[in-house]
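Novice: For the sequence shown, the working numbering assigns the number 38 to the initial residue and increments by one for each residue that follows.
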Amino acid sequence: MTAPVRFPRFYVTAPAPCPYLAGRQERKVFTELGGPDADALNDALGRIGFRRSQTVAYRPSCAGCNACVSVRVVASEFKASKSQARTLKANSDLVATACRPWSTVEQYELLQKYLASRHPGGGMSAMDEMDYADMVEQTPVTSYIVEYREPSDGDTPGRLVGACLTDRQNDGLSMIYSFYDPQHENRSGLGNYIILDHIRRSAAAGLAYVYLGYWIEGSSRMQYKIRFRPLERLGADGWERFDADRQSSLIAGVFASPGESREGEGLSKDGIVDQRSLKNSDAVPQD
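Written out as structure tokens, the structure is:
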């Protein structure tokens, strides 16, 4: 006899100030991931706009606002722009290794350096080593850390300059969180390079997409995602491709805005949510 499939129970958080758009309130709907069907559930939820954080899958559920839009790159059709091709060439000597989801001191120190430069005073800046270990290691689904190192001198591993926590789904790679050395003396574009490498990895594995999390028009922290083509967005009628002219206009706007044209604020700052804050936020079951 086949065991019955347990339908997940969803909860909605209480309203809280939106971290992306001033003056707005946010709510999230979330559910627990776990058990033998965690990968399948994560896959299904990922296709309808959920993101994973440790053992929780969540998505925005804000009254009167749908600004957060799930986006994904079509990996098999991706064509690098001239600037992206330069980034690939400049960092082609990096050694990328998919490692088991196990935190290291080296990764944590790089994360702290990244946060201090890119997001001082942000919500993650108070993370200690145990918090970081929870972020990486508490995963009920198929996950790994991709490390990016400079070439070895033959005796010791090369310098760690970037890393990305990644989920492998049935139809693509979901980039949960990436970080890198933002003050490297000889390299630029590391944030974009990590995305480009994931697009290449996905295509090589025969996977259709790279999930980049949420894009919010008008939020400078999210605009780097619009530069990758072709890009699909999740709407009321399912996934649809960005209109090419509209995307070109948005890309031009990014490069025309001071401070926004620099390479990424890091990937998917929407991708990490403290699950303790979800569960302790007066969440109620969703009808």
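No residue lacks a Cβ here, since even glycine has one placed at the ideal position from N, Cα and C. These numbers come from a predicted model, not from an experiment.
With distance defined between alpha-carbon atoms, name the residue in Leu268, Ser257 and Leu287 nearest to Ala117.
Specialist: Comparing Cα-Cα distances from Ala117 to each of Leu268, Ser257 and Leu287, the minimum goes to Leu268.
Novice: My understanding is that Asp218 touches Lys150, with C-beta atoms under 8 angstroms, so please give their C-beta distance in whole angstroms.
Specialist: Right, their Cβ atoms sit about 6 angstroms apart.
Novice: Nearest-angstrom Cα distance between Ala170 and Asp282?
Specialist: Ala170 and Asp282: Cα-Cα distance of roughly 43 angstroms.
Novice: Grab me the residues of Ser180's own chain with a C-beta within less than 6 angstroms of its C-beta, minus the 5 sequence neighbours each way, in chain order.
Specialist: So the qualifying residues of the chain are Pro138 and Asp204.
Novice: Would Ser106 and Phe265 qualify as a contact pair, given that the criterion is a beta-carbon distance under 8 angstroms?
Specialist: At residue 106 the sequence reads Val, which differs from the Ser that was named. No, these two residues do not count as a Cβ contact at 8 angstroms.
Novice: Using the C-alpha atoms, what's the distance from Val66 back to Pro45?
Specialist: Each residue's Cα considered, the two are about 12 angstroms apart.
Novice: Would you say Arg237 and Leu210 are within 8 angstroms of each other, going by their C-beta atoms?
Specialist: No, the pair does not count as a contact, with Cβ atoms beyond the cut-off.
Novice: Could you work out which residue in Ser256, Asp234 and Ser257 is closest to Tyr246 when comparing CA atoms only?
Specialist: The option with the nearest alpha carbon to Tyr246 is Asp234.
Novice: Look at the alpha carbon of Ser215 and the alpha carbon of Asn229, and state the distance between them as a whole number of angstroms.
Specialist: The straight-line gap from Cα to Cα measures roughly 10 angstroms.
Novice: What residues in its chain sit with their C-beta under 8 angstroms from that of Leu70, if we drop five residues either side in the sequence?
Specialist: Closer than 8 angstroms at the Cβ level, and outside the excluded window around Leu70, lie Leu78, Asn79, Arg89, Thr92, Val93, Ala94, Pro177 and Val178.
Novice: Could you tell me which of Thr50, Gln175, Ala59 and Ala51 sits nearest to Ile213, measuring between CA atoms?
Specialist: Measuring from the Cα of Ile213, the nearest candidate turns out to be Gln175.
Novice: Since Leu325 is in the alpha helix (DSSP H), which residue starts that stretch and which ends it?
Specialist: Since the first and last residues shown for the chain are 38 and 324, residue 325 lies out of range.
Novice: Quick test of your reading: Leu11 and Leu147, contact by CB under 8 angstroms. State the CB separation rounded to the nearest angstrom.
Specialist: A query on residue 11 cannot be resolved here, the shown segment of the chain reaching from 38 to 324 and no further.
Novice: Can the beta-carbon of Gly199 be found less than 8 angstroms from the beta-carbon of Ile231?
Specialist: Yes, Cβ-Cβ distance for Gly199 and Ile231 is below 8 angstroms.
Novice: Using C-beta distances below 8 angstroms, list every residue in its chain close to Leu227, excluding the 5 sequence neighbours before and after it, in chain order.
Specialist: Closer than 8 angstroms at the Cβ level, and outside the excluded window around Leu227, lie Asn128, Tyr185, Val198, Gly199, Tyr217, Asp218, Pro219, His221 and Glu300.
Novice: Once the 5 residues before and after Leu82 are set aside, which same chain residues still bring their CB inside 6 angstroms of it?
Specialist: Within the same chain, Leu82 has close Cβ partners Ala94.
Novice: Would you mind working out which of Ser286, Tyr251, Glu187 and Cys55 sits nearest Phe87, comparing C-alpha positions?
Specialist: Per the Cα distances, Tyr251.
Novice: If you draw a straight line from the C-alpha of Met167 to the C-alpha of Gln144, how long is it?
Specialist: So the two alpha carbons sit approximately 12 angstroms from each other.
Novice: If you follow the alpha helix (DSSP H) that Ala112 is part of, which residue opens it and which one closes it?
Specialist: Ala112 -> no alpha helix (DSSP H), and no H or E assigned at all.
Novice: Decide if Thr134 is buried, meaning its Cβ has at least 16 other Cβ atoms within 10 Å, or exposed.
Specialist: By the neighbour-count rule (16 or more Cβ atoms within 10 Å), Thr134 is not buried but exposed.
Novice: Rounded to whole angstroms, what's the CA-CA distance from Pro56 to Lys262? Just pull it up for me.
Specialist: Going from the Cα of Pro56 to the Cα of Lys262 covers about 18 angstroms.
Novice: Please report the distance separating the alpha-carbon of Ser154 from that of Val291.
Specialist: Taking the straight line from one Cα to the other gives about 21 angstroms.
Novice: How is Gly228 classed by DSSP in three states: helix, strand or coil?
Specialist: Three-state DSSP puts Gly228 in a helix.
Novice: Contact check, Ile182 vs Leu202 under 8 angstroms by CB: the rounded distance?
Specialist: The Cβ separation is near 6 angstroms, so the contact holds.
Novice: Could you check which residue in Ile288, Asn223, Leu287 and Val173 has the C-alpha nearest to that of Cys136?
Specialist: Comparing Cα positions, the closest option is Val173.
Novice: Any idea what DSSP makes of Ala94, helix, strand or coil?
Specialist: Three-state result, Ala94: strand.
Novice: Under the three-state reduction of DSSP, which class applies to Ser266: helix, strand or coil?
Specialist: Inspection of the sequence shows that residue 266 is occupied by Arg rather than by Ser. DSSP places Arg266 in coil when its eight states are reduced to three.
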